[in-house]
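Residue numbers (our numbering), protein chains in the order written: chain E, 1 to 314; chain A, 1001 to 1533; chain D, 2001 to 2218. Below: the structure, in structure tokens.
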Amino acid sequence: MDTTKSFWLPEKASTFADAVDFGFNLYYWISVFFFVLIVFLMAWFVVRYIRRRPDQLASAQITHNTLLETTWTAIPLLIVMGLFVLGMKGYWNMRVAPSNAMQIDVTGRKWAWSFDYPKEGISNDTLVVPVHQPIRLRMTSVDVIHSFFIPAFRTKADVIPGRYHSLWFEATKTGVFQVFCTQYCGTNHSYMWTAVKVVTAEEYAAWLEAASDPSKGKTPEEFGEILYSKKGCVACHSVDGSVGIGPTWKGIWGTEVPLEGGGEAIVNEAYAKQSMMEPASQVVKGFQPIMPPFQGVLSDKEVDALTAYIRSLK
Amino acid sequence: MTAHAENINYLKTTRGLKSWLTTVDHKRIGLMYLASILVFFITGGLYAMLFRLELWSPEKNFLTPDQYNNFFTLHGVIMVFLVVVPGIPGALGNFVLPLQIGAKDLAFPKLNLTSLYLYWIGAALAIISLFAGHADSGWTFYAPYSLSKNPAVLWMLTAAFILGFSSILTGLNFIVTIHKMRAPGMTWFRMPLFIWALYATAIMQVFATPVLGITLILLLVENFFHIGIFDPALGGDPILMQHFFWFYSHPAVYIIVVPGFGIASELISAFSKREIFGYKFIAYSSVAITIIGFLVWGHHMFVAGQSEVADTIFSFLTFFTAIPSAIKVFNWTTTLYKGSISLQTPMLYGLQILFNFTIGGLTGIILAILSVDIHLHDTYFVVSHFHYVAMGTTMIAFIGGVHYWWPKMTGKMFNEFWGRLASILVFIGFNTTFFVQLIMGSQGSPRRYYHYLKEFQIYHQISTTGILILATGLFMALINLLLSLRGPSNAPQNPWGARTLEWEVAETPPVLFNFKETPVVTHGPYEFATEKS
Amino acid sequence: MSTATAGSLQEHEVAHHFEDLEQEFESHRFGMWLFMASEIMMFGALLTGGLFLLYLHPDAFAQGRAHLDWRLGALNTFFLLTSGFTMARAAAFAQKAEQGKVRTNLLLSLALAAGFLVVKCIEYKAKFHHGLLPGNAFHGAGFTSPHAHIFFGYYFVTTGLHALHVLVGMGLMIWCLKVSNRVRFTRAYYTPVEMAGIYWALVDLVWIFLFPLLYLVG
Ligand code: HEA
Ligand code: HEA
Ligand code: CUA
Ligand SMILES: [Cu+2]
């Protein structure tokens, strides 16, 4: 299907891919050359000069040859300097976003991504972008370092708590492309995936329309259920009663839960909201205080929807 | 001690466990290091086997994600801090260094024993960590992940700190010994290349390890008192922690590999009966790697958010490491030319070093190309790169070195047939395990992944098959060596016909103070031309 | 090892693996210098980190410094520099084989070092009293910088580590005193005093960098 995929490299779908692949392939052949040269010489010498009698001495003792030494110092030096320039050019291009780039905010948390379209007020768990449009991601994390990697776009950057780090790209074809988290971030690091959906300009406009009010035509419970998976609650909370990294949501509404450090709390609107905004303030007994805070991430409407959803889980 | 005690085999001078635990003889200390390092090498290898089996399919087989994360962390920490950094200097360097330069012992024998004890204490703390929960920070201990006050991680940090001390003291001891204890006639350029390599390594141990020490102290303090140096939640800078870490850990990769280069030089020259080609170039290139090695740490942080200018400078400097490495590779190859090559077991490992290091080094250079590294960073490509150098070069050199000096250490010859068979299995197994990782890495498969895309499964399965072959070979080699201990003391003084002091002058096994009288050196370490046949 | 009087001092014996006294002495001295280099790398990294923090949070450093008394710092600088001098004297007398003067100078150095620690304790106590503690324990009043705790965290880590080195240095001085009870120092053999002196020079050196970084700039 994807004709741009090769034995060594994945499908290409951004403007960086050609330059990166050119660098990779060029260097690949340089390496093949040196590797074959060395292994060939090694094998040939071994076969040719193998010791036949136990007391056989070497047929010559050549200790050095300045011309040879200079050559094999100079040639690699020239090659690597060329490689440096090549890599540097491609890299600066990757780091400096064009001025017409469209900005999207990215937040990493254990173990989910969320994407905010500041102008439209949309928040989503996959990245939807128009093709042939430079996009600049302004990324930060609420807990530990994550890293945002799109193999098909040949780009990645760490997502760091306490600061913004950016990354830009321009997709060259439509389709759905895999996103990985590539900085080790704990238990479900290897599940911290999402996708970039590259669509045409028209599809993008239509999507914006629909996405700017995801709750339209839904009851709070239904919307809450969507948020449950979209916002990544699903990574830690079950709705079937099984205990995961966090407590299950099934049947907790109205019950009293024991808290770490003594005391209890009744699961009601206020408690649920508090648990989402400042989870560390009331930690349920028997659990680690690892739930990321959703302050500034969930809107009031979303909090209400989630609360309604939790209440509905009898 | 009677006058004669000095003239008998060091293994027989005194007996009993206590005499070993309190010995200051560098040879015995070397053997104790050897045994300890083997234990941890096997442990680290078993962890690798377990998590590689888990990777047979993308979904859960028999480990949970937490166990998987714990296992690769333990594998990394054990292999780096308990096996490959102390490995060659601690075991082989300790045994061989004084013998090769004609000294009675290292300059500070008691300090040497202290290093070994620190190694054991560090190892014990690492073992405590196994029971204190899941250490899962990765061997890189990146903040803020490592600041969660996980007791297992804290024990690991302390263990690494103590092991760092052990490493500094060993390095210090080696430098002083090489400067001050050489036998008459042992000029700098008559020193075997193994000594040059240990010398360069020791410089890095003494100068880089303290920075690891302070990093680990700061991490511990940060965990307990929340100072706010590395923790962004308190105003600290997690990138600063990475700079600290790699300032040590990049030189550390040369601490790991340079002694292996030294062994390669010894093996290739001895089994070709050939003066090494370009002796001075190889000697100086070890020192050059040391110096350049201090300036390139930032190449681990190309996507970490340091400034673009820093990235560019670090990339530029990194390319210079290719030059001294190229010099070595070409000189070794040329040494084979017109030699009298014998493919005995140690030499089979010697040739593997050349093969594997070429791949490992070449894959390192591609990671230094800025734009390409953005794609390859933290994928299996990097994993493969560093196993080609750390396992494929250093540990293979270690095993080759153990075979080479085994007769000198024990007085016994091992079985050649099994030795060679094992080394061939190791070669096949190692390359099967790690070559496919290059492909899946460049295809975009991230590292430290418990669960992966279905399309990468075939590569993972080949890789896992590889480690089974590799492990078979390694165990075969080990059993072959151990079985020789039960055989007769049949090793001649110089079974390989080498020209360095430990073979030409010292007895097999050496006497308590190495030489019956201080040797006077009259020729270079590889002068096969003057040898009478 | 009974306490010996000046008359019954022994000569030092060369260890078995050295050829002669000179080789032994040079090895020890060289080893000590290498160890110092290693220590310098450690403190160097710590100080570089400090400069970096200063650059990140200049306001925290400025406000933190206002709570340190530079006069106490200067007094301590004086103690250390003077003791550096007396240690150098001790080594010089050791070479001249004047065992008595060696001991006097060692005792003087020891007293100055103890003075340093006393002042340090006074300073620490004041910090504890005002809640100027590292990290979470910090509850100092009157700071506008939200990162003042970093300054005090850094202050305690660096000065604490330095104070630990002062303690080790004092241990070395005591060890020299004990050796001087037993063995005769000569021009050829004064290794212990020389070792302790080199170590003490490091303690001085580190302080010379710490003092301005913590007490003066920012
Ligand atoms: C153990 C030893 C070891 C050695 C010897 C090396 C050697 C080199 N390494 Fe490697 N490296 C590691 C261990 C090692 N490395 C580890 C452990 C990591 C990962 C840590 C982690 O993240 O967990 C790593 C990661 C790593 C990265 C970061 C990748 C990333 O995370 O994105 C980079 C980037 O520049 C790099 C580069 C190099 C280079 C340029 C060399 C050079 O020294 C190689 C030089 C050798 C040659 C070039 C071959 C011989 C020369 C020729 C045959 C001549 C012809 C050559 C040319 C014309 C180019 N290494
Ligand atoms: C430096 C040394 C070193 C060595 C030698 C090895 C050896 C091996 N390593 Fe590893 N590895 C690391 C250092 C090392 N590793 C590091 C630093 C990481 C990163 C961790 C992190 O991400 O934090 C890593 C990560 C790592 C991963 C990636 C995990 C992930 O990202 O999810 C994998 C996957 O395949 C792997 C596999 C292996 C295998 C199959 C071996 C095999 O070569 C092991 C072979 C050994 C045995 C099978 C034991 C048997 C041995 C004997 C019987 C002794 C014989 C002795 C004599 C004859 C003298 N290692
Ligand atoms: Cu997030 Cu890994
Ligand atoms: Cu590196």
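Every residue, glycine too, gets a C-beta built ideally from N, C-alpha and C. Quick caveat, the model's predicted, so the values are computed rather than measured.
Cα-Cα separation, residue i to residue j
| i | j | result |
| --- | --- | --- |
| Lys173/E | Ala17/E | 12 Å |
| Val243/E | Phe1314/A | 47 Å |
| Met2001/D | Arg2184/D | Residue placement at Met2001/D is poorly supported in this model, since its pLDDT is 34, which falls under 50; the coordinates still yield a value, given next. One C-alpha to the other measures close to 14 Å. |
| Met1391/A | Val1253/A | 12 Å |
| Ile1162/A | Ile2150/D | 26 Å |
| Leu2177/D | Met1186/A | 39 Å |
| Leu2210/D | Phe2116/D | 14 Å |
| Asp1231/A | Tyr1404/A | 49 Å |
| Phe1131/A | Leu1017/A | 28 Å |
| Ser1533/A | Glu1527/A | Because the pLDDT of Ser1533/A is 42, which lies under 50, any placement of that residue in the model is unreliable, and the number read from its coordinates should be weighed accordingly. Distance between the alpha carbons of Ser1533/A and Glu1527/A is about 13 Å. |
| His165/E | Arg138/E | 6 Å |
| Leu37/E | Thr1334/A | 12 Å |
| Glu225/E | Met1079/A | 46 Å |
| Met1440/A | Leu1425/A | 23 Å |
| Trp1056/A | His1300/A | 29 Å |
| Met2042/D | Met2036/D | 10 Å |
Reference residue i; option with closest CA among the options
| i | options | result |
| --- | --- | --- |
| Glu278/E | Val142/E, Pro293/E, Ala206/E, Ile104/E | Pro293/E |
| Phe1430/A | Thr1394/A, Val1077/A, Gln1443/A | Thr1394/A |
| Phe1319/A | Gly1293/A, Thr1464/A, Gly1473/A, Thr1433/A | Gly1293/A |
| Leu1198/A | Phe1174/A, Trp1188/A, Met1181/A, Leu1453/A | Phe1174/A |
| Glu120/E | Ala210/E, Trp29/E, Lys285/E | Ala210/E |
| Ile1263/A | Ile1282/A, Ala1422/A, Pro1251/A | Ile1282/A |
| Arg1448/A | Ile79/E, Pro258/E, Phe180/E | Phe180/E |
| Ala1123/A | Ile1458/A, Pro1086/A, Val1521/A, Phe1277/A | Pro1086/A |
| Asp1066/A | Trp1056/A, Phe1051/A, Gly1076/A | Phe1051/A |
| Asp1311/A | Ala171/E, Gly90/E, Thr73/E | Gly90/E |
| Val1296/A | Leu1421/A, Phe1244/A, Trp1418/A, Leu1501/A | Phe1244/A |
| Ser2145/D | Ala2114/D, Leu2054/D, Arg2029/D | Leu2054/D |
| Ala1107/A | Glu2022/D, Leu2172/D, Leu2107/D | Glu2022/D |
Chain A contact for residue i (CB, 8 Å cutoff)
| i | result |
| --- | --- |
| Leu41/E | yes |
| Ser2027/D | yes |
| Ile2150/D | yes |
| Trp29/E | no |
| Ser2180/D | no |
| Tyr2154/D | yes |
| Asn2076/D | no |
Proximity test, Cβ basis, 8 Å: residue i and chain E
| i | result |
| --- | --- |
| Asp1025/A | no |
| Phe1294/A | no |
| Gly1228/A | no |
8 Å Cβ cutoff, residue i in contact with chain D
| i | result |
| --- | --- |
| Val1211/A | yes |
| Ile1214/A | yes |
| Pro1109/A | yes |
| Thr1002/A | Unreliable positioning characterises Thr1002/A in this predicted model, as indicated by a pLDDT of 43, which lies under 50. A coordinate reading is not provided. |
| Ser1533/A | In this predicted model, Ser1533/A has a pLDDT of only 42, less than 50, meaning its place in the structure is not dependable; the value taken from the coordinates is given anyway. No - not a single Cβ of chain D is within 8 Å of the one on Ser1533/A. |
| His1300/A | no |
Check: residue i C-beta below 7 Å from any heavy atom of ligand 5
| i | result |
| --- | --- |
| Thr1073/A | No copy of ligand 5 occurs in the structure displayed; its ligands are ligand 1, ligand 2, ligand 3 and ligand 4 alone. |
Between the stretch 159 to 172 of chain E and chain A, which residues of the former have a C-beta closer than 8 Å to a C-beta of the latter?
Residues passing the 8 Å Cβ filter: Ile160, Pro161, Gly162, Arg163, His165.
Residues, ordered as in the chain, of the stretch 1231 to 1245 of chain A that lie near chain D by beta-carbon distance below 8 Å:
Residues passing the 8 Å Cβ filter: Leu1234, Gly1235, Gly1236, Asp1237, Leu1240, Phe1244.
Residues in the stretch 1304 to 1315 of chain A with C-beta within 8 Å of chain E's C-beta atoms, listed in sequence order?
Taking a C-beta cut-off of 8 Å against chain E, the contacting residues of the stretch 1304 to 1315 of chain A are Ala1304, Gly1305, Glu1308, Asp1311, Thr1312, Ser1315, listed in chain order.
Could you list the residues in the stretch 2192 to 2214 of chain D with a C-beta less than 8 Å from some C-beta on chain A, going in chain order?
Going along the stretch 2192 to 2214 of chain D in chain order, one finds no residue with a Cβ nearer than 8 Å to chain A.
Contact list for the stretch 1248 to 1277 of chain A against chain E, Cβ threshold 9 Å:
For the stretch 1248 to 1277 of chain A, the residues whose beta carbon sits under 9 Å from a beta carbon of chain E are, in order, Phe1271, Ser1272, Lys1273, Arg1274, Glu1275, Ile1276, Phe1277.
Under a criterion of Cβ closer than 7 Å to any non-hydrogen atom of ligand 3, which residues qualify, in chain order?
Listed by chain position, these are Gly108/E, Lys110/E, Trp111/E, His146/E, Ser147/E, Cys181/E, Thr182/E, Gln183/E, Tyr184/E, Cys185/E, His189/E, Met192/E.
Chain E contacts from the stretch 1347 to 1362 of chain A (Cβ-Cβ distance under 8 Å):
Residues Leu1351, Leu1354, Phe1355, Thr1358, Ile1359, Leu1362.
Any C-beta of chain D within less than 9 Å: which residues of the stretch 1080 to 1106 of chain A qualify?
Of all residues in the stretch 1080 to 1106 of chain A, only Pro1098, Ala1103, Lys1104, Asp1105, Leu1106 come within less than 9 Å of chain D when Cβ atoms are compared, listed by chain position.
Using a Cβ-Cβ cut-off of less than 9 Å, list which residues of the stretch 227 to 249 of chain E approach chain A; keep chain order.
From the stretch 227 to 249 of chain E, no residue has a Cβ closer than 9 Å to chain A.
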